[in-house]
Amino acid sequence: MIKKISYFIIFIFISSSGYTTEKPDDFLKKSVQEVSALVSKHKDRFEKDEDFLRNQMNLVVMPKLDIILMSKIILGKGIWTDMTSQQKTDFVEAFKYRMTSTYMKSITAFDGEKIEFLPFVPGKKDRIAFVKSKYIMAAGNIDVDYRLIKNKDGWRVYDIIFEGISLMKNYRADFREHVNKNGIDSLIISLGQ
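So, in structure tokens, the structure goes:
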């Protein structure tokens, strides 16, 4: 399921600068426009130059995710609080590396699909929002929804729900099972490969 999600997740996150006063749905709309332009400009190079693609992912895509919050959600409070500071740092970097590796393979699949966004739904707190979207494709429409949190740099995505399946829940099940069987250090090593 994670591979399937990867074809749609990447289109949302590319942005050249933070939009701190934007509404979360506007943040996502502008990001889609920018990724379309970026892919059009660099598609051939992305397909041939993995180092360039990884660099672009780390520069412009990963900052649009709240990787630390995602890490805490995936591992859960019990595992997260039992980890040392170094393990937390190592896990966040390894998870970021895994996300980059997974989604950089999908960026060249973007072919200007139309995406419709509904107005955002505010969360119980001002800094939380939920945005529903629909990818309009010849093979059939696909529902992709986003959970966002606002920090000092603007909105950041911390979960993507693809056809009702949460990315965080998918990772959580796999990662927690690995930790329970083999420990957190083993998981960190496996994510960095």
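When you line the sequence shown up against my numbering, it's residues 1214 to 1406, in that order. Beta carbons: idealized from backbone N, C-alpha and C, even for Gly.
Contact annotation, Thr1313 with Arg1267: C-beta distance approximately 6 Å; criterion of less than 8 Å satisfied. Per DSSP, Leu1272 lies in no beta strand (DSSP E) and is assigned neither H nor E. Rounded to the nearest angstrom, the Cβ distance from Tyr1384 to Val1370 is 14 Å, too far for a contact under 8 Å.
The stretch 1286 to 1337 contains, as complete beta strand (DSSP E) runs of 3+ residues, the segments 1327 to 1330 (chain order).
In the displayed model, Asp1264 falls within a helix according to three-state DSSP. At least 9 Å separates the beta-carbon of Val1245 from that of Ile1355. Here the stretch 1383 to 1397 makes contact with the stretch 1289 to 1305; the two share three or more CB pairs at distances below 8 Å. Asn1395: member of the alpha helix (DSSP H) spanning 1380 to 1395, first to last residue.
Just measuring C-alpha positions, the residue of Trp1368, Glu1376, Ile1402, Lys1254 sitting nearest Gly1353 is Glu1376. Contact between Pro1237 and Trp1368 holds: CB atoms are separated by about 5 Å, below the 8 Å threshold.
The DSSP-derived three-state label of Arg1360 is strand.
DSSP places Arg1369 within a strand segment (E or B) once states are collapsed to three. Annotation for Leu1361: Pro1237, Ala1342, Trp1368, Val1370 place their beta carbon closer than 6 Å to its own, counting only its chain and skipping 5 residues before and after.
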